[in-house]
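Here is the structure we will look at, set down as structure tokens.
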Amino acid sequence: MSIFEEWWLPIEAAVNDKIPLSFGQNLYKEIYMNIIKDDRWANYLNGLWVTLKVSFFAILVGTLLGTLLAVLRLPEVTDLRYKGKNPLRKIGVAIVHFFSWFAKFYIDLIRGTPLLLQVLIINFGIFGTVKIDKVIIGVIACGLNSAAYVAEIVRGGLISVDKGQTEAGRSLGLSGPSTMVNIILPQAAKSALPALCNEFIALIKETSILSYIALTELTKAGDYIRSRTYSAFTPYIVSGLLYLLVTIVLTKLIGRLERRLANSDH
Amino acid sequence: MKKLIALLVSLMMIACVAMASAETVTVAFNPEYPPFEFVEGDAYLGYDVDLITAVAAKAGFDLEFEAMDFDAVTSAVMANPSYIGVSGISITEERLMNVDFSNGYINAGLIVVIKDGSGYATVEDLKGKTIGVQMGTTSDFAAEEITGAGNVAQYKTFLNAIMDLQGDKVDAVIVDKPVGLDILASLDDASLVIVDMGLQADWYGIEVNKENTELLEKINAALTELEAEGFFTELETKYFTGADVE
Amino acid sequence: MTTDTIIEVKRLQKHFKEGTVKALNGIDVSIRRGEVTVVIGPSGSGKSTFLRCLNLLEVPTSGQVIFEGTDITDPSVNLNLHRQRMGMVFQHFNLFPHMTVLRNMTLAPMKLLKKSKAEAEEKAMQLLKRVNLADRADAYPSQLSGGQKQRIAIVRALCMEPEVMLFDEPTSALDPEMVGEVLDVMKQLAQSGMTMVCVTHEMGFAREVADRVLFMDEGRIVEEGTPDQIFNSPQQQRTKDFLNKVL
Chain A
1 MSIFEEWWLP IEAAVNDKIP LSFGQNLYKE IYMNIIKDDR WANYLNGLWV TLKVSFFAIL
61 VGTLLGTLLA VLRLPEVTDL RYKGKNPLRK IGVAIVHFFS WFAKFYIDLI RGTPLLLQVL
121 IINFGIFGTV KIDKVIIGVI ACGLNSAAYV AEIVRGGLIS VDKGQTEAGR SLGLSGPSTM
181 VNIILPQAAK SALPALCNEF IALIKETSIL SYIALTELTK AGDYIRSRTY SAFTPYIVSG
241 LLYLLVTIVL TKLIGRLERR LANSDH
Chain B
267 MKKLIALLVS LMMIACVAMA SAETVTVAFN PEYPPFEFVE GDAYLGYDVD LITAVAAKAG
327 FDLEFEAMDF DAVTSAVMAN PSYIGVSGIS ITEERLMNVD FSNGYINAGL IVVIKDGSGY
387 ATVEDLKGKT IGVQMGTTSD FAAEEITGAG NVAQYKTFLN AIMDLQGDKV DAVIVDKPVG
447 LDILASLDDA SLVIVDMGLQ ADWYGIEVNK ENTELLEKIN AALTELEAEG FFTELETKYF
507 TGADVE
Chain C
513 MTTDTIIEVK RLQKHFKEGT VKALNGIDVS IRRGEVTVVI GPSGSGKSTF LRCLNLLEVP
573 TSGQVIFEGT DITDPSVNLN LHRQRMGMVF QHFNLFPHMT VLRNMTLAPM KLLKKSKAEA
633 EEKAMQLLKR VNLADRADAY PSQLSGGQKQ RIAIVRALCM EPEVMLFDEP TSALDPEMVG
693 EVLDVMKQLA QSGMTMVCVT HEMGFAREVA DRVLFMDEGR IVEEGTPDQI FNSPQQQRTK
753 DFLNKVL
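Next up, the structure:
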């Protein structure tokens, strides 16, 4: 019998005999019931692990797709014209224009509807009849959602890079995409980093919506404990503290990255 | 001066008695559980709603309804002496630690919903399978015992669990019998079948805050009276047999 | 000095804003290999636009730019290959701020000329020595003075071993005390036989270094000739007016 259980026994006896508990006893009851009993702390850690997994891959999907969407929205792309006669190139330009239009449509659609609805539609609609891991559904739903926000952030970053940088790259003979990847994006990333950090933190917290499709992430872990202990809010406080821990660590990491980038060009 | 104080005190006592006689009790419940409780238009309907309305009339208190997630109901009753939980709540040891229960008023049993052709016939077949349930219900506890906590998918509503069964994301769904029959009747999906695996259910009871023993006694007295009047047979006819017809 | 043509410009026009602004109004000119051509003219005369049309940073509305025998205004040519052979220096330097000086200079040669890192760096260091900036190879652009930045921008373009160098007002954004160091590098480059087209306000430089001076006004070449002809005996009234103002 562990020390925690030894402390618990007199309180349990008091509860059974309907003897009112002191404040300290009540506090320990909450801690024991919601964290210690039946190794419930492991439920939070498992939930945290799922939240971290989903968030990591969703951020990855969101950043890559969002950057692509941002590039498709640039004036260089939307104003792309081809006056020559090569039919393949004409089709190519038409396809690029279509994707550019779609990017705009996509961003408006995602930003204009609630994440919860998107999650429900993706789970019960798009993947309604597909046997697929809930973690993957979570990554897809949150990643697709985040991409729209990342796109606008990165677009802002791209616009903030001086036009002369593109001209310098192109005048050296670098292609448009190569100029974008080697010269413009690194500079855009730096100016977009604080806003991106906000978006990542928002995304981590928003994965809690996935509890609606029965994915046992950190919020659901709190829900689960609560459905067993009937504590009004203690499980949510434990989950909340874990979210806070994650976002604080992330903020620190990004802050460090920002300082490193700042050092690289005084 | 003394007379004035005496007058004030007696006035306050009268006021207290008056307030007590017009006591309002808030029903915490999750009206997404037909036929026990559901919403139609802007009205709450169902077996539990009719029952508690009849109980309140007998016991002489006013009712207010407050809709919430099922897993929030017990916590709400724990926190507020004027709240009761009437939401198809099974009487379990764990809940009794935290709230008091009225006498049980119905024992409906649990059923298992599976996809036609999946061939699960006994509880043994469900071991290690993913089972969908509504979070915090008796079905949830039963499923956890059968397949282990890691394999139970807990939903906010039973309907969402059924939808993921249709989408093959869970292998089976456990649910209270009347609720399962009701939703399956309205879904009309031939690919879903119901299996009775003899899962034992607990009696449903009305949750009352541990401090409010007076209310508990009133409710129990009312339930006994209603039983004697044959009110429960009336309810079952209205909601279980007759209700299969829309 | 050889006299074969390296860039030939034919009936070049550039309109902005749906044709309401005519920046270039029909330019015909030949740039000869090994020559230093200086373009002068009042602001708004179209001289920068003309220069930027030579490597198609501005796409001409009509007309042709024939570089080493290829019409590069034809949309089917691979412009990037031709741009590699035309270096360009900008008024605002446009160094890449997130890269060291050395990386600024080796990026394009490594990506486009497929040079190894060692080869590209060796070439870059040679050029840095020529402009006395070898000790700043590992610095970032923000750590350099304006004059240093522009000298780096010039050698960055030279790393691609271009056939022709285009200068777009390279000293206009500099503090006066730094103009000399940049002009010295340009003179050195001219003496080495590089073909150069320079848009500039430095009349001293034009007089001293140019083989040919083009005077532009209102989107046309009004007058062209040797520095002696243009500065000492201009034929056109507009040329005279302009020179009176600036000299």
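Top line first, the protein sequences correspond to chains A, B and C.
So in this note's numbering, spot 166 of the first sequence is number 166, and the numbers just go up one at a time.
For this note's numbering, count along the second sequence from 1 and bump the result up by 266.
For this note's numbering, count along the third sequence from 1 and bump the result up by 512.
Backbone N, C-alpha and C fix where the C-beta goes; we use that ideal spot for every residue, glycine too.
Do you know how far the Cα of residue j is from the Cα of residue i?
i	j	result
V691 of chain C	R73 of chain A	40 Å
S452 of chain B	G471 of chain B	27 Å
T339 of chain B	G351 of chain B	In the sequence under discussion, the amino acid at residue 339 of chain B is Val, which differs from the Thr named in the question. For V339 of chain B and G351 of chain B, the distance between alpha carbons rounds to 6 Å.
Y299 of chain B	P235 of chain A	25 Å
D38 of chain A	G176 of chain A	60 Å
G222 of chain A	T166 of chain A	50 Å
A14 of chain A	Q25 of chain A	10 Å
T129 of chain A	I355 of chain B	32 Å
L257 of chain A	T219 of chain A	29 Å
F295 of chain B	L117 of chain A	24 Å
I742 of chain C	L755 of chain C	9 Å
T292 of chain B	I11 of chain A	30 Å
R523 of chain C	A646 of chain C	44 Å
F727 of chain C	M637 of chain C	37 Å
H97 of chain A	L80 of chain A	8 Å
E675 of chain C	F602 of chain C	17 Å
R544 of chain C	S171 of chain A	21 Å
R89 of chain A	L593 of chain C	18 Å
I184 of chain A	G157 of chain A	9 Å
L245 of chain A	A42 of chain A	17 Å
A345 of chain B	I36 of chain A	22 Å
Y310 of chain B	F304 of chain B	6 Å
V461 of chain B	D430 of chain B	18 Å
L261 of chain A	T618 of chain C	21 Å
F23 of chain A	G402 of chain B	28 Å
R595 of chain C	L607 of chain C	17 Å
V541 of chain C	G575 of chain C	12 Å
W277 of chain A	E477 of chain B	Chain A is shown from 1 up to 266; residue 277 of chain A falls before or after that span and cannot be answered.
L68 of chain A	S208 of chain A	26 Å
Bridge partners for residue i per DSSP, in chain order?
i	result
A294 of chain B	B:E332 and B:G351
Q655 of chain C	In the DSSP output, where bridge partners are listed per residue, Q655 of chain C has none listed.
S356 of chain B	B:Y470
H97 of chain A	H97 of chain A is not bridged to any residue.
F528 of chain C	C:V533
L759 of chain C	Paired residue(s): none; L759 of chain C is not in a bridge.
I372 of chain B	B:Y470
D366 of chain B	B:V474
Please confirm if residue i has its CB atom under 9 Å from at least one CB of chain D.
i	result
R545 of chain C	Structure shown: chain D not included; protein chains present are A, B and C.
With a cut-off of 8 Å on the beta carbons, I'd call residue i and residue j a contact; round off their distance for me.
i	j	result
I548 of chain C	V711 of chain C	The sequence shown places Val at residue 548 of chain C, not Ile. With 8 Å as the limit, V548 of chain C and V711 of chain C do not qualify as a contact, their Cβ atoms being about 12 Å apart.
F717 of chain C	L695 of chain C	5 Å
A427 of chain B	V445 of chain B	Not confirmed; about 11 Å, so no contact.
A469 of chain B	G370 of chain B	With the sequence shown as reference, residue 469 of chain B is identified as Trp, and Ala is not the correct amino acid for it. Between G370 of chain B and W469 of chain B the Cβ distance is about 3 Å, and since that is below 8 Å, they are a contact.
L196 of chain A	V150 of chain A	7 Å
S55 of chain A	I204 of chain A	5 Å
G558 of chain C	G731 of chain C	4 Å
E714 of chain C	T683 of chain C	6 Å
G398 of chain B	A419 of chain B	5 Å
Y230 of chain A	S368 of chain B	Not quite, the Cβ-Cβ distance comes to about 17 Å (not below 8 Å), so this is no contact.
V238 of chain A	N34 of chain A	7 Å
**OP:** Could you pull out every unbroken alpha helix (DSSP H) segment of at least 4 residues lying fully inside the region 467 to 511 of chain B, listed in chain order?
**Re:** Along the length of the region 467 to 511 of chain B, whole alpha helix (DSSP H) runs at least 4 residues long occupy 479 to 495 and 497 to 502, reported in chain order.
**OP:** Can you give me, in chain order, the residues of the region 89 to 118 of chain A that have a beta carbon less than 9 Å from any beta carbon in chain C?
**Re:** Listed by position, the residues of the region 89 to 118 of chain A near chain C (Cβ gap below 9 Å) are R89.
**OP:** Please list the residues of the region 172 to 194 of chain A that have a C-beta atom closer than 8 Å to any C-beta atom in chain C, keeping them in chain order.
**Re:** L172, G173, L174, S175, S178, N182, I183, P186, Q187 and K190
**OP:** At 4 residues or longer, and completely inside the region 541 to 628 of chain C: list those alpha helix (DSSP H) runs for me, N to C.
**Re:** 559 to 566, 591 to 595 and 613 to 624
**OP:** Ignoring anything shorter than 4 residues or poking outside the region 391 to 476 of chain B, list the alpha helix (DSSP H) runs there in chain order.
**Re:** Within the region 391 to 476 of chain B, the complete alpha helix (DSSP H) runs of at least 4 residues are 404 to 413, 424 to 432 and 443 to 453.
Original post:
If you measure beta-carbon to beta-carbon, which residues of the region 143 to 169 of chain A are closer than 7 Å to chain C?
Top reply: G164, Q165, E167 and A168
**OP:** Could you run through the region 614 to 630 of chain C and flag, in chain order, every residue whose CB is less than 8 Å away from some CB of chain A?
**Re:** L619, A620, K623 and L624
**OP:** With a floor of 3 residues, list each beta strand (DSSP E) that falls wholly inside the region 664 to 744 of chain C, ordered by position along the chain.
**Re:** The region 664 to 744 of chain C contains these whole beta strand (DSSP E) runs: 676 to 680, 707 to 711, 724 to 729 and 732 to 737.
**OP:** Identify each residue in the region 217 to 230 of chain A for which the Cβ-Cβ distance to at least one residue of chain B is less than 9 Å, and report them in chain order.
**Re:** K220, D223, Y224, R226, S227, R228, T229 and Y230
Original post:
the region 124 to 139 of chain A: which residues have C-beta closer than 8 Å to a C-beta of chain B, in chain order?
Top reply: F124, F127, G128, T129, V130, K131, I132 and K134
Original post:
Curious, which full-length alpha helix (DSSP H) runs of at least 4 residues does the region 20 to 83 of chain A contain?
Top reply: 23 to 31, 41 to 72 and 75 to 78
Original post:
When you check each C-beta in the region 357 to 371 of chain B against every C-beta of chain A, which residues fall closer than 9 Å?
Top reply: If the cut-off is 9 Å between Cβ atoms, the region 357 to 371 of chain B has E360, R361, M363, N364 and V365 near chain A.
Original post:
Taking the runs of the alpha helix (DSSP H) that are 4 residues or longer, which of them lie wholly in the region 173 to 257 of chain A?
Top reply: 176 to 179, 185 to 206 and 218 to 229
Subject >> Residues of the region 579 to 599 of chain C with Cβ closer than 9 Å to any Cβ of chain A, in chain order >> reply: D586, P587, S588, L591, N592, L593, H594, R595, Q596, R597, M598 and G599
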